[in-house]
Structure formats: structure tokens, C-alpha cells
Amino acid sequence: MLLLIPAGILRKWRMVGVDSRVEEMKALLDHESSDVRIVGIYGMGGIGKTTIAKAVYNQIRYTFEGSSCLLNIKEKSEQFNGLVHFQKQLLFDILKMKKFKIDSVDRGIRLIQERIQGKRVIVVLDDVDDLKQIHYLVGQCKSWLGPGSRVIITTRNEHLLTQVQVNGKYEVRKMDEFESLQLFSWHAHPTVDHLDLLVSFMNYAGGLPLALEVLGCHLCGRSVDAWESELEILQKMPHDKIHKILKRSFDSLDHNRKIIFLDIACFFVGLDKEYVITILDGCGFSSKSGIDILVQRALLRIDMQHKLAMHDLIRDMGREIVREESNQYPGKRSRLWFHNEVLSVLHKNTGSEAVEGLILNPFYELRHEERLRTKASFGKGHSLNSPELKGFEANGFTLHLPGLKVEHLKTEVFAKMQNLRLLQINAVHLTGSYEYLSKELIWLCWHVCPLKFLPQNFHLENLVVLEMQYNNLTQIWKGNRILNNLKVLNLSYSRTLIKSPDFLQFPHLEVLLLEECIKLVELHESIKHLKGLVRLSLRDCKKVRNLPESISNLKSLEILNLSGCLQLDKLPEKLGNLATLKKLLADRTAIKQLPSSFSLLKNLKAISLFGHEGTSLESWLSCFSTWISSPKCLNPMNLVRASVVGFYSLGKLVLNNCNLSEAENAIDLGGLSSLQELDLSKNNFCRLPQGIGRLSKLGMLRLKNCAYLQSISELPTNLQILFANDCSSMERLSLSQSPQLIGLSLNHCSNLLEIQGLNLEAIPFIEMIGCDNLPSNFWTNLLQDLSTPSATERLVCFPGREVPNWFSHQSIGSSISFRVPSLSEAPVIRNKLKTVDFPEKEMEMFSGEEIEVSFNNWGSGYNEVSKCGVHLLLEKPNDNNGSMVQYLRYDTAEDDEMSAAADDNEISFHSEVDD
């Protein structure tokens, strides 16, 4: 019996996911323009660049005087007279003439210029990796080709498109879950028995069309046992065909960039970009430019948090390259990361000089590898927490991780690894002389280290990064040692560390992290000599009472984190000398007053001072008011001018839970002209501080749990997101002055009576659960608005006990069945509207399908669904298989409190298609 999966699985597989991408490409080509346009398609190998280029070409080629599609240029141009062959093909395709004698590429490009100059043509250059390939095939195309001509280039190298000065770039996105299901199922023909494994293979493919097609064909007609066996093999080594295609991008790199790629693939995926650059630069590589090249060639991505991200199949390709260095003997490979292989090499003492990097991290075995990687950090806005380490027990230091085993090893097992430069040995107890360890170490990461201090014969002279969280150190070592190359020192969670080291030993330190060192009382006075220190964090050092005045000499400091220093009651008087300081975090401290020099901090972009609920803040706020104003100000205009002059760079201000009341709310924030994010949550004022409406760059305003706030008005014109949850006294909200709003959260504003200026069409995200005092006609109008056409996808969460009577399908209980109608049976609505409560569950449906939708709530406050409904919104058909349908869903529970988190809810689909 075949597994009946939803929506259009009977469509031709070649069209899966292509249509939308083709339309996006055609928009970039701008077919109506008379200009000569070049558009590049880029992305990783196997992502579908050629498929999209060919689809576009085949759709529009007949509207041109001539056309030519040259495929696989990189590989074929490496053959004898490869480019000459392409020149001949180009001339024949466009002119339909074979009688061209071309004995060199120079002769060929002259002929191309002579014969096709001025013609309106379309040319596809597929898989280009060198500028000369473009030059010898289309030359100076913008001046040679006729008006309205188009050139499409596909490449794995985005930078090449920049060099060509294309008119547009199109990065091919990976397939989503539904597209992946369609493509994989077309090739694999899964049965019901394969259902659980089908998801595993889709996850492995990660939306890569090449992998979905190859694996689907490979598994077609095979048993469940065979599928399970193949999945187990794939987890150890990639499929050969996929590996070879992806490896072509690696082969095009130079030697140093290959090393950078392999280091990242084996060790550094998921870590902060700047942190990894620090390590690799220490290894002698120009890693910043190297990483840029990897990004340009679609081998690497930088995510929103500035961390290194890599498609799983690209990562596995890199690791397979390392594995192939020595299939039978892991100890002869350059990099070791697989837990069992590392243990085998160490226990059998089979390491060699070939080993340059080694990771022994038992936390991988307890949780999924990518989720558990210790998150190192460097630079703005990144924390270096390792919550997975909490609870492990080592020599009196408690961390609760059931099943974690401490490895006891002799140092001699490292004796043969004299080229080791990257080493992570978490939860390892070493015995023996440390002289056996490599003198070439650049990166040492040793969490849960049992030592009380590092031995003198441990060669660390070349070390650039030292990570030793959750250790038993009382001091870093005895005596004096100079580590000239050390740039990052992380001793966080050193709960027995009594004193900080003498910083003269690390003259070039850039990052110092001493977070949650609960016995640390003060910093060594020598910190003043760290002229290159960029980041200093003492977060949750509960016994630190003061900072040395000499900290004001840190001329490069950009980030200072003092949050959780509960006994810290003042800042250095000369703090204003920190001219480069950009971010100050001082939440949950005993600080009552800012130093007078605070106003000199002209480059501050973010300040966070929340958590002073137990402290009277009159002097604190008085000082804050002085900071953003001036004692000489006699009128509001002078106040604004003074604040702009003082802190024009401030982008983020957090005054969460600072005991701000009406009497203390006379400060004017309107002069903070660069402010983009403001958090005033958990304060006691009845009205907002003055000047918020003048903050023209403010995009996010947080007012959560302001229990006495009665109304909100005069919001900034460019505000995009407003959080005002649990403002239980608020009765009125005016949004009329904020037309740019895209997100509004008002949950549990129980006294809210009126919202002025709410434009549902313009706001795609709204939450209003627990706003029970809004009039009934407000909810009726809101629901009816949801059924009208919209240009945007919208998510709206609100309370309700009944399914609206205008819903097209309703049912008692937690499931509903219906047949998808055709266009002739329902009005056409050009609208994509996701589910009311759960935006991740969107699917396409086609006419004739029998659909069953089930709703379940599995949260801690489990409620049974008593009635549910679905409202269908039809679009124009996108092929001959029928109409495409989106839906709006609604369900009610037996209990009024149905507002469980979306992650705790489940929607499942089943469909059948008539023959």
C-alpha cells in the first residue's frame, strides 16, 4: 500500500519547487527591459542552480533571435580545447551554422563578436568558476549583444558574479519540508511502513534536491530493514555520488583555504565567527579572507548571531575527506572528532605526527552533537554559557549529567602528536608529565579540568585561546609565565578560583571571561596594562565588591559585563575615560549612582541596568537624568539638545525592573536620537516617560508587566514591534502614529477597552490572549477581516469559545474532514493566510483531495479540543492539477485557558487523491 501524502505528490517531480524559483528569476531578468542584463544564480552544489536556469531558458528562449545553453562549463573547459568546443556550440546554437574553423579561443571570441553582435539573444553559462570562461564565451556582452539580450550565469562562487558586475544575483534557497517530501517520495515511493524513516532521510538531505533525488532513487523498492541500514551507513559516511558532486567546490580551493575549511567542518561549526578567526589566525592563516571565500563559494554561511553555519552534507563531505586520509587507521588522519575513534586512538596509543586537531567531548554522546557544542564567544552580544555542563561532579565540583563518564588518560598518549595545534579534552583527567603534550598548541579547550593549577612543564608558549570552564583551579599556575600570544582567556565557572592572574603574563589579551567565579573578590591591579582588551565579563561574580580604578586605562575596551555582581556598589570614578566602550551591562548589582564622568562615554550603544527592585533609585535616576540632560537646561528644547550631544550613539537602553515610579518619571528620553530598542518593563509608572514619541529610530519598545500603566499614546512613527503584555491597568492604546508596526503583543491586558488605529491589513503578527474586556464587536470585526484578501501572511492569536459561523468547515471534536473544492465551487481569493495559532503548519492542497485535519494540545495544562474549524482560501491554479488552497483554522477547548505555547500543540494531516 502506498503512503498517501498531502498535496500534489502526483505532479511531475521535475517541477517540484521549481515554479516559484523560476518566477523569482524571471523578475530579476526583467524580460520587458531593453537593456542587456546579466543575472547570476549561485549556491552550493546540488541545490538546483542548473535546473532553475534551464527552466527559465526553456520558457523564454523562443522570444529571442537566438539562444544557447552551455552546460557544465567548469568540468568540460578543463579538457583539451574545451572552451573552443563551447565557442563552436554557441555559434551553432545561435546561427545554426556548423562551418566554423576555430583553432584557438582568441579566434573563437573574435568570431562570436563578429557574428552575434547586435542580435537579441539569451545565453546560459552553467557552472562557471573562472572569469576567463565568461570572457571567451560572451566577451564584453553588454556592448556586443543587442538590446534586450539576457545572459544567465550559474556558479558556486558568488564573488565571481560581483566581478562580472551582474544586474542581479539569485541565491537558490534549499527546499522546504513539503517540497522535500514531494521530491523524495516521487523517487523513493515509500509505503506506510517507511513513514518514520522517511522523515530521517529528509532531515539528512537538509533540503538539498540532489540528495533527495539520489537517496530516493537508491531506496526505491527496498525494504524497511534496508532503509534502516542505509541510514546507519549515511551517519558514518556520505553517499558517494553526493560526496563527489559537493567535493568539486572543495577541490577549487587553494591549500590554506582547504585547511581552513577542514578545520571548520571538523571542529568549529556553530562557533562565533570572530572567535574562530582568532584561533585560525593564530595557526598562521589569513582566516578572515579565507572564511569570506568559503561563504562566496557556498561552502559556509554566517548566521544571524554571527556564528559559522554549514549544511550538514557539506560538513560531512569535509569530514569524509579527512577520513579518506587513512581509512583503516584513524591515528594517521589530520583531524579526529568522532568520539569512539578518538577514544580508540588514545587508549591504544596509535596517534601520529599527522594529527593536527583532536576533540574528545563526552557531551556529544549525551545530546545531539550540534546542539551541545560548547558555545565559545568573542565580541559584541555573545554569551559564553555552557548550560549542558551544569551538574557534573568532579572532585567536589557538582554538575548533574547522568551517564557522563570522566576519561582517565596518561599524558604519554599525546607523545606522538607533536603537530597537534587544536585540542579539546572535556571531562578528561590526565596523569603523567605534561611535557608529552605538543608545543604547537594554539587552541586548548578543557572544560571540567580537575587540576588546581596548570603545571609548569605544560608548554603553552604558542597558545592563542585558553578555555577552561567548570574547573577546580585555585590559581591558573604557580610562579610567572609569559604567554605573549594569548588573546582569549576563559576561566568562567571556576568556583574555587580565589584570585585573578597577574595580567602582565598575558600582555596581548583581547578577551577575558571570568563569569560566575563565585569566590573571586577582586581583579588584579595589573589589568591596567591590557591595552588591547576588548571584552571583559565578570557576570555573576557575587563577591566582587569593587573594580580597580586602573580599569579606566583600558583604551580598547568595548564590552563590560558586570551583571550579577551583587556586592558591587560603585563604578570607577574615571569610567568615562573608556572612550571605546560600546556596551555596558550592570543588571542586578548594588550600584546606586553613576560616576560623574559617565557622560563622557560618547560611543555607548547599549546599556542594561535592570533588576534594582529592592533599592531606592532616587539618586540613581537623578544621576541618569543628569546623564541625558544637563544642569544648565532651563527648558525642554535645551534638554533635547543636551541629550543628543551627549549620547547620539546609544542604540539600546534597558531599564527593566528599575523601580521607576511616577515621581521618578520626569526624565525626558526624547534626545536619545539613535535609540533603536527600549525596555521599560516591570516598572511602576502610570504614564510613559516624556519624549518617547520623538525617538524616530526606535523600532522595538518593551513594556511588559507595567501593572500601573493606564494608557499608551504618542508612540514613535517608525515603531515596528510593541510588547505590552500583562499591563493589567491599561485601558486605552493608540497606534495611529505608528503606521510601520508589524508586531503587537498585548496578552493579558485584562482591562483594555479600546485600541485606536489598529490596521490588521498592515500588522502581520498580533497576540491578544486574555484581553477579555474588549467589546464583542471588536472580535467580530477582527475575525471577518481575516477572511478578506491580504498581501501579507498573518498570525493572530486571540481568545474565543466558538468557531466563527462563517468558517467553511466545522466539526465537533478534535478532527475535521473535507474534500478540497475546485475553483468553480468557491470564489478565488489571492491570499496566503497561515493558521491562526500555529504558523509553521502551512500546506498546499489541490482539488479533489480528501483532507483530514487533527488538532491536539499536549501542553502541561492539557485541554481537550471540543470543536474545530477550517476556512479555505483559494488561489489561482498554478498548473493543470487543480486549485491550490490555503486555510485558516480555529479550535476551541473545553477549558477557557487554551493559550498553550505553539510548541506544545500539534496539527496533523492525512489526504487521499482519487485516481
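With UniProt numbering, letter number 725 in the sequence shown gets 725, and the count goes up by one each step, no holes. A virtual CB, placed ideally from N, CA and C, is assigned to each residue, including glycine.
Span of the alpha helix (DSSP H) holding GLU510?
Residue numbering aside, residue 510 sits at position 510 when the sequence shown is read from its first letter. Element bounds for GLU510: n/a, residue is neither H nor E.
Which residue wins for smallest C-alpha separation from MET304, given the options GLY270, ASN327 and LEU336?
Here residue 304 refers to the residue found at position 304 when the sequence shown is read from its first residue. Closest by alpha carbon: GLY270.
Which one or two residues does DSSP pair with VAL123 in a beta bridge?
As a position in the sequence shown, residue 123 is number 123, starting the count at 1. Paired residues: SER68 and VAL151.
Spatial distance of HIS459 from TRP337 (CA atoms):
Here the question's residue 459 lines up with position 459 in the sequence shown. Here the question's residue 337 lines up with position 337 in the sequence shown. In a straight line, the C-alpha of HIS459 is about 23 Å away from that of TRP337.
ARG588 and ASN561: beta carbons closer than 9 Å?
The residue you call residue 588 lines up with position 588 of the sequence shown. The residue you call residue 561 lines up with position 561 of the sequence shown. No, the pair does not count as a contact, with Cβ atoms beyond the cut-off.
Answer with buried or exposed for MET202, where buried requires no fewer than 16 other C-beta atoms within 10 angstroms of its C-beta.
The sequence position of residue 202 within the sequence shown is 202, counting from 1. Buried, by the Cβ-count rule.
From MET44, ASP254 and THR191, pick the residue whose C-alpha is nearest to that of PRO209; which is it?
For the purposes of this step, residue 209 is taken as residue 209 along the sequence shown, with counting starting at 1. Answer by Cα proximity: MET44.
Where are the alpha helix (DSSP H) runs, 4 residues long or more, that stay fully inside the UniProt domain "AAA+ ATPase" (35 to 171), in chain order?
49 to 60, 73 to 77, 82 to 95, 105 to 116, 131 to 138, 141 to 144 and 158 to 164
How many whole angstroms separate the CB atoms of TYR708 and ASN684, which I take to be in contact at a CB cut-off of 8 Å?
Here residue 708 refers to the residue found at position 708 of the sequence shown. Here residue 684 refers to the residue found at position 684 of the sequence shown. Their Cβ separation, rounded to whole angstroms, is 5 Å, which keeps TYR708 and ASN684 in contact under 8 Å.
Can you tell me whether GLN328 is helix, strand or coil according to DSSP?
The count along the sequence shown starts at 1 and reaches residue 328 at position 328. Coil, per DSSP.
Quick one, are the C-beta atoms of GLU754 and LEU733 less than 9 Å apart?
Position 754 of the sequence shown, counted from the start, is the residue given in the question as residue 754. Position 733 of the sequence shown, counted from the start, is the residue given in the question as residue 733. Cβ distance < 9 Å, so GLU754 and LEU733 count as in contact.
What residue from CYS749, GLY82, LEU441 and ASN777 has the CA that sits closest to GLU767's CA?
The residue you call residue 767 lines up with position 767 of the sequence shown. It is CYS749.
Quick one: what does DSSP say MET884 is sitting in, helix, strand or coil?
Indexing the sequence shown from 1 puts residue 884 at position 884. Residue placement at MET884 cannot be trusted, given a pLDDT of 40 that sits under 50; the coordinates are not used to answer.
Could you give the distance in angstroms between the alpha-carbon of ILE279 and the alpha-carbon of ASN485?
Start at 1 with the first residue of the sequence shown, and residue 279 comes out as number 279. Start at 1 with the first residue of the sequence shown, and residue 485 comes out as number 485. Distance between the alpha carbons of ILE279 and ASN485 is about 11 Å.
Which residues does DSSP pair with HIS459 in a beta bridge?
The residue given as residue 459 occupies position 459 in the sequence shown. In DSSP, HIS459 forms no bridge with anything.
Decide if the stretch 154 to 166 is in contact with the stretch 39 to 55; the criterion is three or more beta carbon pairs, one per stretch, under 8 Å apart.
yes
Residues near HIS218 by beta carbon distance below 8 Å, same chain, minus five either side
Indexing the sequence shown from 1 puts residue 218 at position 218. GLU230 and HIS239, listed in sequence order.
Among SER674, SER563 and SER596, the one whose alpha carbon lies nearest that of LYS605
The sequence position of residue 605 within the sequence shown is 605, counting from 1. Nearest of SER674, SER563 and SER596 to LYS605, Cα basis: SER674.
Is the CB of THR780 under 9 Å away from at least one CB in chain C?
Of the protein chains in this structure there is only one, and it is not chain C.
Whose CA, out of ASN773, HIS85 and LYS119, lies closest to the CA of VAL36?
On the sequence shown, residue 36 is found 36 positions in, with the first residue counted as 1. Taking only the C-alpha atoms, the option nearest VAL36 is LYS119.
Using DSSP's beta-bridge definition, name the partner residues of ASP445.
In the sequence shown, the residue the question calls residue 445 occupies position 445. Note that residue 445 is Cys in the sequence shown here, rather than Asp. According to DSSP, which records beta bridges pairwise, CYS445 is partnered with GLN424 and GLU467.
Around the Cβ of CYS283, are there at least 16 other Cβ atoms within 10 angstroms (buried) or fewer (exposed)?
On the sequence shown, position 283 is the one that residue 283 refers to. Result: buried.
Note down the Cα distance separating CYS623 from PRO548, rounded to an integer number of angstroms.
Within the sequence shown, residue 623 is the residue found at index 623, counting from 1. Within the sequence shown, residue 548 is the residue found at index 548, counting from 1. With a pLDDT of only 47 at CYS623, under 50, the local geometry of the prediction cannot be trusted, and no value is derived from it.
Inter-residue spacing [alpha-carbon to alpha-carbon] between ARG150 and ARG110
By one-based count along the sequence shown, residue 150 stands at place 150. By one-based count along the sequence shown, residue 110 stands at place 110. Going from the Cα of ARG150 to the Cα of ARG110 covers about 20 Å.
Have a look at the DSSP bridge pairing and note the partners of residue 919.
Here the chain covers residues 1 to 915 and nothing more, so residue 919 does not appear.
Alpha carbon to alpha carbon, how far is LYS592 from ASN657?
Here residue 592 is taken as the residue at index 592 of the sequence shown, counted from 1. Here residue 657 is taken as the residue at index 657 of the sequence shown, counted from 1. Answer to the nearest angstrom: the Cα atoms are 14 Å apart.
If you follow the alpha helix (DSSP H) that GLU179 is part of, which residue opens it and which one closes it?
Position 179 of the sequence shown, counted from the first residue, corresponds to residue 179. From DSSP, the alpha helix (DSSP H) with GLU179 extends over 177 to 188.
Count the CB pairs spanning the stretch 180 to 188 and the stretch 69 to 84 that are closer than 8 Å, and state whether there are at least three.
no
Residues in its own chain within less than 6 Å of TYR493 by CB, not counting five upstream and five downstream?
In the sequence shown, the residue the question calls residue 493 occupies position 493. Cβ within range, chain order: GLN469, TYR470 and GLU516.
Where the beta strand (DSSP E) containing LEU409 begins and where it ends:
On the sequence shown, residue 409 is found 409 positions in, with the first residue counted as 1. Element bounds for LEU409: 407 to 410.
Given a cut-off of 9 Å, decide if LEU585 and ILE559 are closer than it, judged by their beta-carbon atoms.
On the sequence shown, residue 559 is found 559 positions in, with the first residue counted as 1. On the sequence shown, residue 585 is found 585 positions in, with the first residue counted as 1. A contact, by the Cβ cut-off of 9 Å.
Could you give the DSSP three-state label for ILE476: helix, strand or coil?
Walking along the sequence shown from the start, residue 476 turns up at place 476. Coil at ILE476, not helix or strand.
Which same chain residues, not among the five before or five after ILE721, have their C-beta less than 6 Å away from its C-beta?
By one-based count along the sequence shown, residue 721 stands at place 721. For ILE721, where only same-chain residues beyond five positions count, the Cβ hits under 6 Å are MET700 and GLY743.
Of the choices LEU423, GLY108, HIS311 and ASP251, whose alpha-carbon is the least far from that of ARG173?
Taking the first residue of the sequence shown as 1, we reach residue 173 at position 173. For the residues LEU423, GLY108, HIS311 and ASP251, the minimum Cα distance to ARG173 belongs to HIS311.
With DSSP collapsed to three states, give me the class of PHE818.
As a position in the sequence shown, residue 818 is number 818, starting the count at 1. Looking at PHE818 - three-state DSSP - the assignment turns out to be strand.
Whose C-beta lies closer than 6 Å to the C-beta of HIS189 among residues of the same chain, with five residues either side of it excluded?
The residue labelled residue 189 in the question sits at position 189 within the sequence shown. The answer, listed in chain order, is CYS220.
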